[in-house]
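Engineer: Chains as they are written, first to last, in the numbering used here: chain E, 11 to 382; chain X, 11 to 382. If you scroll down you'll find the structure; I have some questions about it.
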């Protein structure tokens with residue numbers, strides 16, 4: 011029987027992904043992932059969706075985020091451990107898989123740590139492009155950690171932001187952001203408080219990491235017409251907005267069942283009104299109602315964004331010839347003969363011998379059609 | 011700042027796993043995984059458990075199976091596509107991951123197709139060792155596909171089975187099993203019907219693959235004292251036992267919330283009495299009540315078994331020096347500086363240039379502490 015025609019599984023390692031993003035260009039990757047996200051959110055009803063599966067511990071959370079349409083199944087593994095950075099480890103580590111729904115064969119295994127930063131920024135910008143006031147130019151960026159530069163570039167290219175107002179409780183994080191964004195066409199002001207950063211901003215992006223019910227933004231800080239891009243509140247017990255901010259705003263979410271558990275709206279009653287963002291994109295529900303309305307994108311990160319990002323990275327890798335084929339799945343000559351795979355490259359009889367000691371056998375009396 | 015001390019991620023490919031099992035010996039692997047399963051089931055309350063996440067399509071199912079204790083998180087990706095074999099593809103393909111709960115770092119990525127067959131057989135035998143009559147020697151094996159030889163060897167070594175009675179609707183599957191088990195110290199009889207195979211058996215193992223509500227075993231076939239090891243009914247709409255068989259038996263399950271959805275007991279009312287197997291192991295609930303009682307292990311496959319198998323394979327790979335370290339997670343000099351990783355091996359300024367066209371920038375007026 012011929013070797014089975016198992017389709018290849020491509021592996022994109024973290025170094026592969028760095029090279030991919032370097033060669034395509036980070037702005038192109040952000041824009042490309044954003045275009046995929048927007049296209050996929052427009053066909054939202056085609057996806058089989060569920061809230062992610064979270065495993066909480068004292069130190070953080072580990073999550074599995076599956077999603078599928080009729081052709082492809084995707085999932086991401088991702089953790090969130092805010093204290094990791096004290097030990098020199100990243101807060102977030104992620105990888106993901108694309109598989110064929112028709113056969114179950116895994117087709118892509120990819121790092122998603124860098125990719126998660128890109129897709130989160132792309133999602134934020136896609137939402138802000140619909141929800142922020144036209145002509146928004148100034149963005150407060152609260153939290154200047156690993157995600158912050160990606161948010162800045164996404165809002166520069168997709169929304170038109172030209173000025174950043176920066177705040178972080180860790181001044182070295184802000185210095186790092188300033189150094190990284192030098193020469194990127196963004197004016198930046200370092201602020202000494204959240205209030206100073208937020209004052210006069212068109213858009214306020216919060217990307218803080220502490221796993222606590224924080225109140226980064228309080229009602230007194232919010233000005234009419236602001237768009238709040240709340241990215242850091244993404245876990246039970248981890249919020250960034252005072253509930254008074256939510257009460258006076260129009261709140262948009264990715265996937266309501268997940269955001270009720272994880273988003274800033276976990277503080278609100280179960281019937282607190284929210285709009286799923288895909289409905290705005292597809293014209294089924296209004297977005298911003300007026301120039302004075304405060305809008306909130308209560309982003310927690312949804313599996314569909316990773317699906318979109320995985321598809322973009324798969325195509326980009328194929329175009330650039332990056333990545334390796336790995337043998338994650340066993341190739342057998344006969345799919346019903348998994349046992350036979352153990353004879354591969356093996357002298358005959360090698361497996362026939364049971365292990366010594368506990369597994370020694372007596373020979374059983376042969377039955378009618380006995381094995382020889 | 012020093013390169014972060016990210017712990018290594020070990021990769022065990024499918025060829026690695028074949029070599030590992032060849033070098034340790036299949037009986038040793040089955041016995042080793044069984045010992046791990048038994049030890050882990052004895053500390054059942056220490057695990058954070060949930061029913062697996064299943065994504066169903068017309069052709070099959072793709073599942074994610076997570077579990078964790080205080081130290082390790084594990085998950086398996088696995089599909090079930092019975093029609094795959096018509097195209098020369100395996101019905102089941104699987105891989106899995108072990109990660110550190112304290113940091114979220116992935117530590118092992120392993121093939122689990124071969125390993126799933128080993129752990130499923132090990133689990134069945136661990137259960138039968140508690141539930142089957144003492145001195146059980148004859149086992150009917152209904153379904154002679156990819157899992158069947160593993161079941162035969164596990165029951166030979168862990169339960170003492172010496173005689174097999176074989177039936178499959180596909181005679182070539184049975185011929186393959188006979189060839190694979192030649193010289194393994196098991197007498198085997200090929201039967202022309204399920205009834206013939208089951209008659210006089212101490213244990214009946216059903217490992218059929220069709221995604222239908224089949225009735226492989228009907229009440230008239232069941233003799234007093236039989237132990238039924240029902241492995242193939244593991245999915246909504248996929249059962250093997252007539253409900254009359256369940257009604258007259260003591261039924262044992264792995265994890266009740268999952269088995270209610272997926273096991274043969276999906277046919278039964280929600281209050282149909284079952285016993286979780288770990289309770290028998292730990293002495294909290296009785297197992298077999300009498301030599302005449304019919305016992306059923308309604309096995310669907312639970313994440314804890316994969317956790318146990320991943321731990322065994324990780325240790326065996328380390329002992330044998332098998333496997334590679336892969337860079338699934340991005341290494342950065344500063345964990346808060348993901349953006350900086352994009353400068354790796356890059357000429358200065360390379361990333362500074364936004365992509366041409368749509369992303370071209372005007373320079374914004376500099377603010378007080380402007381970026382140079």
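Glycine included, each C-beta is placed from N, C-alpha and C at the ideal position. Being a predicted model, the structure only gives us computed values, none of them experimental.
1. Which residues mark the beginning and the end of the alpha helix (DSSP H) in which residue 103 (chain X) is found?
2. Residues in its own chain within less than 7 Å of residue 333 (chain E) by CB, not counting five upstream and five downstream?
3. Taking 8 Å as the threshold (C-beta atoms), are residue 121 (chain X) and residue 339 (chain E) in contact?
4. Taking the straight line between their C-alpha atoms, what separation do you get for residue 188 (chain E) and residue 117 (chain E)?
5. Which residue's Cα is closest to the Cα of residue 173 (chain E): E:182, E:195, E:53, E:223?
6. I need the straight-line Cα distance from residue 29 (chain E) to residue 99 (chain E), nearest angstrom please.
7. Which one of E:267, E:314, E:277 has the shortest CA to CA distance from residue 256 (chain E)?
8. DSSP on residue 34 (chain E), reduced to helix/strand/coil?
9. Would residue 76 (chain E) pass as a contact of residue 74 (chain X) if the rule is Cβ separation under 8 Å?
10. Using CA coordinates, which residue listed in E:262, E:153, E:92 is at the minimum distance from residue 181 (chain E)?
11. Against chain E, with Cβ distances strictly below 8 Å, would residue 283 (chain X) count as a contact?
12. Mind pulling the chain X residues with CB within less than 7 Å of residue 336 (chain E)?
13. For the putative contact between residue 43 (chain X) and residue 129 (chain X), defined by C-beta atoms under 8 Å, what is the C-beta separation to the nearest angstrom?
14. Are residue 56 (chain X) and residue 80 (chain X) touching if we call contact CB-CB under 8 Å?
15. Does DSSP classify residue 40 (chain E) as helix, strand or coil?
16. Where does the unbroken beta strand (DSSP E) through residue 118 (chain E) begin, and where does it stop?
17. Cα-Cα, which of E:138, E:237, E:254, E:51 is closest to residue 294 (chain E)?
18. In this structure, how does DSSP classify residue 282 (chain E) when only helix, strand and coil are distinguished?
19. What are the boundary residues of the alpha helix (DSSP H) that includes residue 167 (chain E)?
20. Would you tell me roughly how many angstroms separate the C-alpha atoms of residue 191 (chain X) and residue 343 (chain E), rounded to the nearest one?
21. Short of 7 Å in beta carbon distance, which residues of its chain neighbour residue 127 (chain X), apart from the five on each side in sequence? Order them along the chain.
22. Is residue 107 (chain E) buried or exposed, if buried means 16 or more other CB atoms sit within 10 Å of its CB?
23. Short of 6 Å in beta carbon distance, which residues of its chain neighbour residue 200 (chain X), apart from the five on each side in sequence? Order them along the chain.
24. Per DSSP, what kind of secondary structure is residue 322 (chain X) in: helix, strand or coil?
25. In this structure, does DSSP put residue 154 (chain E) in helix, strand or coil?
26. Taking DSSP as the reference, what is the three-state secondary structure of residue 175 (chain E)?
27. Is residue 15 (chain E) helix, strand or coil when you go by DSSP?
28. Determine whether the Cβ of residue 204 (chain X) lies closer than 8 Å to any Cβ atom of chain E.
29. Which residues share a DSSP beta bridge with residue 131 (chain X)?
30. Pick helix, strand or coil for residue 268 (chain X), following the three-state DSSP scheme.
31. With DSSP run on the structure shown, which of helix, strand or coil describes residue 450 (chain X)?
32. Check residue 86 (chain X) in the structure and name its three-state DSSP category.
33. Is it true that the CB of residue 89 (chain X) sits closer than 8 Å to the CB of residue 114 (chain X)?
34. Under 8 Å, Cβ to Cβ, is there at least one residue of chain X near residue 323 (chain E)?
35. How about residue 133 (chain X): is its C-beta nearer than 8 Å to some C-beta of chain B?
Structural biologist: In brief:
1. Looking up residue 103 (chain X) in the second chain gives position 93. Element bounds for residue 103 (chain X): n/a, residue is neither H nor E.
2. The residue given as residue 333 (chain E) occupies position 323 in the first chain. Excluding positions up to five away in sequence, the list reads 20, 21, 22, 26, 327.
3. The count along the first chain starts at 1 and reaches residue 339 (chain E) at position 329. The count along the second chain starts at 1 and reaches residue 121 (chain X) at position 111. Yes, the Cβ-Cβ distance between residue 339 (chain E) and residue 121 (chain X) is below 8 Å.
4. The sequence position of residue 188 (chain E) within the first chain is 178, counting from 1. The sequence position of residue 117 (chain E) within the first chain is 107, counting from 1. Each residue's CA atom was taken as its position, placing residue 188 (chain E) and residue 117 (chain E) some 39 Å apart.
5. Counting from one through the first chain, the residue named residue 173 (chain E) turns up at place 163. Checking every option, the nearest Cα to that of residue 173 (chain E) belongs to E:195.
6. Residue numbering aside, residue 29 (chain E) sits at position 19 when the first chain is read from its first letter. Residue numbering aside, residue 99 (chain E) sits at position 89 when the first chain is read from its first letter. So the alpha carbons of these two residues sit roughly 22 Å apart.
7. As a first step, residue 256 (chain E) must be located in the first chain, where it is residue number 246. Selected option, being the one with the closest Cα: E:277.
8. On the first chain, residue 34 (chain E) is found 24 positions in, with the first residue counted as 1. Residue state, collapsed to three classes: helix.
9. Position 66 of the first chain, counting from 1, holds the residue named residue 76 (chain E). Position 64 of the second chain, counting from 1, holds the residue named residue 74 (chain X). Their beta carbons are under 8 Å apart, which means residue 76 (chain E) touches residue 74 (chain X) by this criterion.
10. For the purposes of this step, residue 181 (chain E) is taken as residue 171 along the first chain, with counting starting at 1. With distances taken between Cα atoms, residue 181 (chain E) lies closest to E:153.
11. Position 273 of the second chain, counted from the first residue, corresponds to residue 283 (chain X). Answer no: the Cβ-Cβ gap between residue 283 (chain X) and chain E never drops below 8 Å.
12. Counted from its first residue, the first chain places residue 336 (chain E) at position 326. Ordered by position in chain X, the residues that pass the 7 Å Cβ test against residue 336 (chain E) are 23.
13. Residue mapping note: residue 43 (chain X) aligns to position 33 of the second chain, counting from 1. Residue mapping note: residue 129 (chain X) aligns to position 119 of the second chain, counting from 1. The distance from the Cβ of residue 43 (chain X) to that of residue 129 (chain X) is about 5 Å, consistent with a contact at the 8 Å cut-off.
14. In the second chain, residue 56 (chain X) corresponds to position 46, counting from 1. In the second chain, residue 80 (chain X) corresponds to position 70, counting from 1. Annotated as proximal: residue 56 (chain X) and residue 80 (chain X), with beta-carbon spacing under 8 Å.
15. As a position in the first chain, residue 40 (chain E) is number 30, starting the count at 1. Secondary structure at residue 40 (chain E): helix, using DSSP grouped into helix, strand and coil.
16. Counting from 1 along the first chain, the entry for residue 118 (chain E) is found at position 108. Looking at the DSSP string, the run of the beta strand (DSSP E) that includes residue 118 (chain E) is 116-121.
17. By 1-based counting over the first chain, the position of residue 294 (chain E) is 284. It is E:51 whose Cα lies nearest to the Cα of residue 294 (chain E).
18. As a working note, residue 282 (chain E) is residue 272 in the first chain. The answer is coil: DSSP assigns residue 282 (chain E) none of H, G, I, E or B.
19. Counted from its first residue, the first chain places residue 167 (chain E) at position 157. Going by DSSP, residue 167 (chain E) is part of the alpha helix (DSSP H) stretching over 158-168.
20. Taking the second chain and counting its residues from 1, one reaches residue 191 (chain X) at position 181. Taking the first chain and counting its residues from 1, one reaches residue 343 (chain E) at position 333. Roughly 18 Å between the two C-alpha positions.
21. Residue numbering aside, residue 127 (chain X) sits at position 117 when the second chain is read from its first letter. Around residue 127 (chain X), the same chain offers 156, 157, 160 as residues with beta carbons nearer than 7 Å, after the five sequence neighbours per side are excluded.
22. Here residue 107 (chain E) corresponds to residue number 97 of the first chain, with the count starting at 1. It counts as buried.
23. Mapped onto the second chain, residue 200 (chain X) falls at position 190. The beta carbon of residue 200 (chain X) is closer than 6 Å to those of 176, 184 in its chain, skipping five residues each way along the sequence.
24. As a first step, residue 322 (chain X) is located in the second chain; it is residue number 312 there, counting from the start. The answer is helix: DSSP assigns residue 322 (chain X) an H, G or I state.
25. Counting from one through the first chain, the residue named residue 154 (chain E) turns up at place 144. Coil at residue 154 (chain E), not helix or strand.
26. Walking along the first chain from the start, residue 175 (chain E) turns up at place 165. DSSP, reduced to helix, strand and coil, places residue 175 (chain E) within a strand of the structure shown.
27. Within the first chain, numbered from 1, the residue matching residue 15 (chain E) stands at position 5. In the structure shown, residue 15 (chain E) sits in coil (DSSP, three-state: anything other than H, G, I, E or B).
28. Here the question's residue 204 (chain X) lines up with position 194 in the second chain. No - not a single Cβ of chain E is within 8 Å of the one on residue 204 (chain X).
29. Residue 131 (chain X) sits at position 121 when you count from the first residue of the second chain. DSSP lists no partner for residue 131 (chain X).
30. Your numbering for residue 268 (chain X) matches position 258 in the second chain. Collapsing the DSSP output to three states places residue 268 (chain X) in a helix.
31. Summary: the structure shown does not reach residue 450 (chain X), with chain X confined to residues 11 through 382, and so no result is reported for it.
32. Residue 86 (chain X) sits at position 76 when you count from the first residue of the second chain. Three-state DSSP puts residue 86 (chain X) in a strand.
33. If you number the second chain from 1, residue 114 (chain X) lands on position 104. If you number the second chain from 1, residue 89 (chain X) lands on position 79. In this structure, the beta-carbon distance from residue 114 (chain X) to residue 89 (chain X) does not fall below 8 Å.
34. The sequence position of residue 323 (chain E) within the first chain is 313, counting from 1. By this cut-off, residue 323 (chain E) is not an interface position.
35. Here chain B cannot be found, since the structure's protein chains are E and X.
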